[in-house]
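Residue numbers (the working numbering): 16 to 231.
These notes concern the structure reproduced below.
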Ligand SMILES: Cc1cc2nc3c(=O)[nH]c(=O)nc-3n(C[C@H](O)[C@H](O)[C@H](O)COP(=O)(O)O)c2cc1C
């Protein structure tokens with residue numbers, strides 16, 4: 016056990032790729048995010064749109080998981096899920112949430128905080144219809160986050176639904192759709208040598224984004 020611990024403790028990486036200056040940051044953090052996101056795509060980051068979503072349950076327990084960013088506009092960051100899942104229930108009880116991206120190839124992290132709102136049914140429908148047929152079917156099959164006795168039950172449900180929807184369009188289940196996290200705080204982190212990393216924070220005050228630098 017102690018040998019394993021020292022192996023973990025000895026893992027270290029020096030960050031040297033880049034630096035952040037206030038002057039080079041966009042006035043709007045969503046535009047800044049868009050630039051960094053394009054950099055991540057260009058750098059071939061593995062699943063650049065994978066992000067950690069943190070919610071708080073009705074009982075006050077923090078919960079985290081990875082979801083995929085599927086839309087970005089001036090309002091915020093969109094992802095899709097089952098509204099009756101753990102995260103869906105958490106967000107119904109408490110819409111405060113955070114998203115975290117880590118792009119190791121660029122030595123960058125972005126942390127976003129705000130309020131998650133359900134997106135319109137029309138927007139959810141449009142995204143749902145853009146998904147492959149088997150993913151659309153999966154949204155009907157899985158009562159996400161609820162226990163199931165055996166995987167074979169899921170597979171049976173999938174086969175039954177496949178028959179039911181044969182030669183038919185698969186419509187969006189009412190319990191499935193998108194959320195948009197509307198940000199009020201976004202922090203950009205760039206790894207630097209000697210652990211003196213750059214951190215630039217945007218906070219929304221009276222509808223204006225204020226920028227400050229945080230110590231690493
Ligand atoms: C790379 C990756 C991408 C994922 N994308 C999504 C997603 O977009 N939506 C989703 O509901 N779950 C996604 N998941 C599964 C979630 O992490 C999670 O297991 C599931 O949503 C149930 O979470 P909950 O019980 O907290 O609601 C993804 C998992 C991984 C590892």
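We put the CB at the ideal spot given by N, CA and C, even for glycine.
In this text the structure is predicted, and so the values were computed from the model without any measurement.
- In this structure, the CA atom of residue 206 is about 43 Å from the CA atom of residue 163.
- Taking a contact as a CB-CB distance under 8 Å, the pair residue 110 and residue 132 counts as one, their CB atoms being some 7 Å apart.
- Remark: the C-beta of residue 78 is in contact range of ligand 1, defined as less than 7 Å to any heavy atom.
- Spatial neighbours of residue 91 in its own chain (CB-CB distance under 7 Å, excluding positions within 5 residues in sequence) are listed in chain order as 129, 195, 196, 197, 198.
- Distances from the CB of residue 127 to the heavy atoms of ligand 1 are all 7 Å or more.
- Just measuring C-alpha positions, the residue of 140, 35, 23, 84 sitting nearest residue 208 is 35.
- The Cβ atoms of residue 185 and residue 148 lie closer than 8 Å to each other.
- In terms of side-chain proximity, the C-beta atom of residue 100 is found nearer than 7 Å to a non-hydrogen atom of ligand 1.
- In the DSSP assignment, residue 198 forms a beta bridge with 129.
- Here residue 34 carries a coil assignment [DSSP, helix/strand/coil].
- Ligand 1 approaches residue 62 closely enough that one of its heavy atoms is under 7 Å from the residue's Cβ.
- For the options 183, 182, 157, 38, the alpha carbon positioned closest to that of residue 171 is the one of 157.
- At a cut-off of 7 Å, the beta-carbon of residue 83 counts as near ligand 1: some heavy atom of the ligand is closer than that.
- For residue 94, the shortest separation between its Cβ and any heavy atom of ligand 1 lies below 7 Å.
- Per DSSP, the continuous alpha helix (DSSP H) segment holding residue 177 begins and ends at 166-179.
- Proximity of the region 57-71 to the region 94-106 meets the contact definition, three or more beta-carbon pairs being nearer than 8 Å.
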